[in-house]
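Here this note's numbering is used: position 142 in the sequence shown is 882, and no number is missing along the way. Just so you know, even glycine gets a beta-carbon here, dropped at the ideal spot from N, CA and C.
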Amino acid sequence: MGEALVFAANGLVTAEAKAAFERAVALDANVIQARYFLGLAAEQDGDRAQAATTWRALIESAPPDAPWIDLLRGALARVEATAAAGRQASDEKIPGSPELSPDQRNAMIEGMVERLSERLHRDGADPEGWLRLVRSYMVIGQPDKARAAAVDARRALEGDATKLRRLDELLKGLGLKG
């Protein structure tokens, strides 16, 4: 029932749907779909830490060949990237940011992502930076730029198999081809 409510609400986990998922988990803690949607509800409520905890637990208990594991990895990468972007914004202590409108805040975040992109295109030896850039593009809804950044990252990191493997794992988790 909860899934039908979510689909009817265009992907939003409504209070009624959340209650249905909570009842399902109370009856059987191993109901994967209900646990996934409770994580999604937490994310939509702004509780990224709870969403990450929920999804991480599902990933850890999943069989390695579970058909839904990539979906969970992508969801986890998304909330971690959003949290990282938020930490980066607060670390930069942008004056007046609490008073910004959602559009202004989005423009500010996109500007930070563009500055990161410019820095990496000047000095591409930073694998963590490339990973952050790909995640950030996915979070702000620009998957084409994420794919392009992944191609650029591969070029910049082509001599380091370990870093390339990490990049491929991230891309797979985000639902992009590794």
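Check each candidate in the options and name the one with the smallest Cα separation from residue i.
i	options	result
Asp-900	Ala-886, Ala-865, Gly-851, Ala-781	Ala-865
Ala-755	Ala-766, Asp-768, Leu-780	Leu-780
Val-753	Leu-904, Asp-785, Ala-769	Asp-785
Arg-894	Asp-908, Asp-884, Pro-883, Lys-885	Asp-908
Arg-887	Ser-857, Asp-810, Thr-902	Ser-857
For residue i, report the span of its alpha helix (DSSP H) as first-last.
i	result
Gly-881	Premise fails: Gly-881 is in no alpha helix (DSSP H) and is neither H nor E.
Glu-850	842-862
Trp-795	788-801
Gly-779	772-784
Gly-742	742-748
Ala-766	755-767
Decide if residue i is buried, meaning its Cβ has at least 16 other Cβ atoms within 10 Å, or exposed.
i	result
Arg-788	buried
Ser-841	exposed
Val-891	exposed
Gly-851	exposed
Gly-742	buried
Ser-801	exposed
Ala-769	exposed
Leu-767	exposed
Ala-744	exposed
Ala-749	exposed
Ala-847	exposed
Apart from the five residues just before and just after residue i, which ones in its own chain have a Cβ nearer than 8 angstroms to its Cβ?
i	result
Phe-747	none
Trp-795	Tyr-776, Gly-779, Leu-812, Ala-815, Leu-816, Val-819
Leu-798	Ile-772, Arg-775, Tyr-776, Gly-779, Leu-812
Leu-906	Checking the sequence shown, residue 906 turns out to be Arg, not Leu. Closer than 8 angstroms at Cβ, skipping near neighbours: Pro-867, Leu-871.
Who are the Cβ neighbours of residue i in its own chain at under 7 angstroms, not counting the five residues just before and after it?
i	result
Arg-860	The sequence as given places Leu at residue 860; Arg does not occur at that position. Taken in chain order, the residues that qualify are Asp-866, Gly-869, Trp-870, Leu-873.
Gln-790	Ala-782
Ile-809	Ile-799, Ala-802
Would the beta-carbon of residue i be found less than 8 angstroms away from any heavy atom of the ligand FMN?
i	result
Glu-858	Judged by which ligands are present, the structure shown has none, so any question about the ligand FMN falls away.
Contact criterion: CB-CB distance below 9 angstroms. Does residue i meet it with respect to chain B?
i	result
Ala-893	Among the chains in the structure shown there is no chain B, since it carries only a single protein chain.
Spatial neighbours of residue i within its chain, please: C-beta separation below 6 angstroms, excluding the five flanking residues on both sides.
i	result
Leu-910	Leu-871
Val-853	Ser-876
Arg-845	none
Lys-903	Pro-867, Leu-897
### Task
Tell me, please, whether the region 748-761 touches the region 773-780 by the rule of three or more beta-carbon pairs shorter than 8 angstroms.
yes
### Query
Any chance the region 812-822 sits against the region 873-889, with 3 or more Cβ pairs inside 8 angstroms?
yes
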